[in-house]
Amino acid sequence: MAKIVVMGAGIGGISQVYELKKEFGKKHQIVLIGDSDRFEFTPSNPWVAVGWRTEDQTTIELPGLMQKHGIEFHGQGVRRLHPTEKRLELNDDGVLDYDYLVIATGPRLAFEEVPGLGPDDGYTQSICKTGHAETALADVMKLVQNPGPVVIGAAPGASCFGPAYEYAFILDTELKKRRIRDRVPMRFVTPEPYVGHLGLDGVGDTKSMMESEFRDRHIQWTCNAKITEVSAGKMQVTEVDDDGNEKKKHEFPFAHSMILPAFKGVDAVIGIEGLANPRGFILIDEFQRNPTFQNVYAVGVCVAIPPVGPTPVATGAPKTGYMIESMVTATTHNIRAAIDGKAPSARATWNAVCLADFGDSGVAFVALPQIPPRNTNWASRGKWVHVAKIAYEKYFMHKVRAAKTEPYFEKMVLKMVGATRLKENAK
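When we follow the working numbering, the leftmost residue of the sequence shown carries the number 171, and every step to the right adds one.
This is the structure we're talking about:
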């Protein structure tokens, strides 16, 4: 019997253990390690941060659920990975060995790279974790009581820009509902060379779409922006030109600010030669395997993916849910092949399919493949995206509780996208 350990209990990790369980049943031991006892549906965090969802609505307790589905669970997290020994050192001083390991930890949030950034030791909020979103909500309530300027965006080196756009538009919608939007100047600050770049050099006409959305909502923006320091109520930003030379220095005051940080690999893997790159992202081959330790696989945000192209301020490439599901399926098939003594053959489809909710509408974009040139390069705006994002939340939470593995909703979204494209072409 092989022991297959999945390190990380987020969207990628949960999907991975369920697919492994479906593939192997009771023939092999499946183990899940999280850094807490709960699953968090992070795509809902922008809603949590404005009070449209509660923490209880977007999290699921894992110990009993995993036991129900026959999956061993540990919630204390991993202190250090020892791949040459096929061993995991846990935070409670425990030890787990493995025959096969799938790293699905997601990122470490590198707030420390900008002085004053972050909700713990800084002055800005985050929606990268549900607990952070709850803290952001408390800060939004202060804003409601004492309206003032808002600064939203991403730090240099960020790679997941969609949630920042979502939060800006969702907060705009919430402030309008409260009839105080006229008292809250809003600015979007981003290292992207243009709004709608998204770390993908744009998808379809996302540049024009985002610029139009910002204008309609009276949100100013600053691109090619390096946030250099944050203090109480003030953000220092250096704007550069297309060659990366300093163009202008800004000081933006704020009563509330949410800035997405750059990502790094988790501490458990940082500095392991052959496993991770200098920022701690896991190196993989075309089969999701690490080239040095071929019984180690990786899926999701923790995977090393090069940027789509150079930008004046550093940006990274995002990993969307559809891409992660594809990585998970390929990994399952390749672990099956390894156990059966066969060569791996399954490859992930590195495509980006994303629904970005704007509170009252949204944008869907499809990049096939993610890195240009593309076979499909399309984006569309409409209220249907907002409805689809709500449906996706309900679907995935049910998927976690019921241990479903089939990507029914993902297929449905692609069908919706196809139907929308046909309508647009007909016009």
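Cβ atoms here follow ideal geometry from the backbone N, Cα and C, with glycine treated the same way. Predicted, not measured: the structure shown is a model, and the values here were computed from it.
Under the three-pair Cβ rule at 8 Å, the segment 505–512 does not count as touching the segment 355–368. Leu190 and Gln237 have their C-alpha atoms some 15 Å from each other. When DSSP assignments are scanned along the segment 530–570, the uninterrupted stretches of beta strand (DSSP E) that are 3 or more residues long and fall wholly within it turn out to be 532–538 and 546–551. Burial state of His367 is buried, judged by a 10 Å Cβ sphere holding 16 or more other Cβ atoms.
Secondary structure note for His244: its beta strand (DSSP E) is the uninterrupted segment Glu242 to His244.
Between Phe424 and Gly403, the gap from beta carbon to beta carbon is short of 8 Å. With contacts defined by Cβ atoms closer than 8 Å, Glu210 and Gly234 do not form a contacting pair. Contact between Leu279 and Ala522 is ruled out by a C-beta separation of about 22 Å, above the 8 Å threshold. Within the same chain, Val175 and Glu242 come within 6 Å of Val201 by CB-CB distance, once the 5 residues on both sides are set aside.
Around the C-beta of Gln295, 16 or more other C-beta atoms lie within 10 Å, and the residue is accordingly described as buried. Rounded to the nearest whole angstrom, the C-alpha separation of Tyr335 and Ala172 is 43 Å.
The DSSP-derived three-state label of Arg250 is strand.
Counting along the chain, Phe358 sits inside the beta strand (DSSP E) bounded by residues Met356 to Val359. Scanning the segment 453–527 for uninterrupted alpha helix (DSSP H) segments of 4 residues or longer gives 491–509, listed from N- to C-terminal end.
Between Thr300 and Cys472, the CB-CB gap reaches or exceeds 8 Å. A Cβ-Cβ separation of about 15 Å leaves Pro333 out of contact with Thr485 under the 8 Å criterion. In terms of CA proximity to Glu383, Ala526 leads the group Lys312, Ile494, Ala526 and Val187. When DSSP states are grouped into helix, strand and coil, His302 belongs to the helix group.
Nearest neighbour of Ala549 by Cα position, chosen from Phe339, Gly288 and Gly372, turns out to be Gly372. Val469 sits away from Val439, with the two beta carbons spaced by 8 Å or more. Between the alpha carbons of Arg353 and Leu313 lies a gap of roughly 10 Å. By the Cβ-count criterion, Ala308 is exposed, with fewer than 16 other Cβ atoms from all chains shown falling within 10 Å of its own Cβ. Taking 8 Å as the cut-off, the Cβ atoms of Ala328 and Pro448 do not count as close. The closest CA to that of Gly247, considering only Phe566, Val265, Tyr337 and His302, is found on Val265. Residue pairing by DSSP places Thr229 opposite Glu210 in a beta bridge.
Take His503, set aside five residues on each side of it, and the residues of its chain with a beta-carbon closer than 6 Å to its own are Ala516, in chain order.
Closest in C-alpha terms to Val218, from the list Arg571, Ala572, Ile541 and Glu563, comes Glu563.
When DSSP states are grouped into helix, strand and coil, Pro285 belongs to the coil group.
Between the C-alpha atoms of Val284 and Tyr565 there is a straight-line separation of about 37 Å. Val320 and Ser427 have their alpha carbons spaced roughly 6 Å apart. Counting the other Cβ atoms within 10 Å of the Cβ of Arg571 gives fewer than 16, which makes it exposed.
Counting the other Cβ atoms within 10 Å of the Cβ of His388 gives fewer than 16, which makes it exposed. Taking all protein chains in view, the Cβ of Thr462 is surrounded by fewer than 16 other Cβ atoms within 10 Å, so the residue is classified as exposed. Under DSSP, Val176 takes part in a beta bridge, and its partners are Leu202 and Val272.
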